[in-house]
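Numbering (the numbering used here), first residue to last: 6 to 163.
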């Protein structure tokens, strides 16, 4: 058996996984908890080493197999933000918020990305919504933080 034949099954499995993903299949069973945790730890290590592009690649793989896991989308968003890929980071922060609607913490780095892109008005609108929702939910610290950022945004730029 030559080297090509030895690697063919792994390649075929990867191609089959992509095909299943395109068909809307859940691939989470193909990566057990320990494997996912090992990859996540590796991505975290890469990020701490400043290797954000490589960390993003590992997190992309994790998100392929665990698309509904908010800690992976949040970690990907942070990596993308570190790389200056603010539009992509906004999408990942937004996806994290969709996966964990009761957690307002991803809103603040999302707003920072919006500001990096010059989306000041949209950032202010989002903060206004978050302040109102946090007030309704009784989350005073989130409300205060959103209102403080909103106050900063409403200060005229000099």
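Here a beta-carbon is modelled for each residue, glycine too, at the ideal position from N, C-alpha and C.
Here the structure is a predicted model, which is why all the values come from computation and not from measurement.
Look at residue i and residue j and say whether their C-beta atoms are less than 9 Å apart.
i: residue 91; j: residue 54; result: no
i: residue 132; j: residue 154; result: yes
i: residue 151; j: residue 162; result: no
i: residue 64; j: residue 41; result: no
i: residue 71; j: residue 81; result: no
Once DSSP output is grouped into helix, strand and coil, what is the label at residue i?
i: residue 40; result: helix
i: residue 109; result: coil
i: residue 137; result: helix
i: residue 163; result: coil
i: residue 144; result: coil
List the whole-angstrom C-beta distance separating residue i from residue j, where the pair is believed to meet the contact cut-off of C-beta under 8 Å.
i: residue 99; j: residue 115; result: 7 Å
i: residue 57; j: residue 87; result: 5 Å
i: residue 124; j: residue 73; result: Incorrect: roughly 27 Å between the Cβ atoms, too far for contact.
i: residue 44; j: residue 66; result: 7 Å
Quiz prompt | Every unbroken alpha helix (DSSP H) inside the region 45-132 [4 residues or more] | solution = Within the region 45-132, the complete alpha helix (DSSP H) runs of at least 4 residues are 57-70, 75-87, 91-104 and 112-121.
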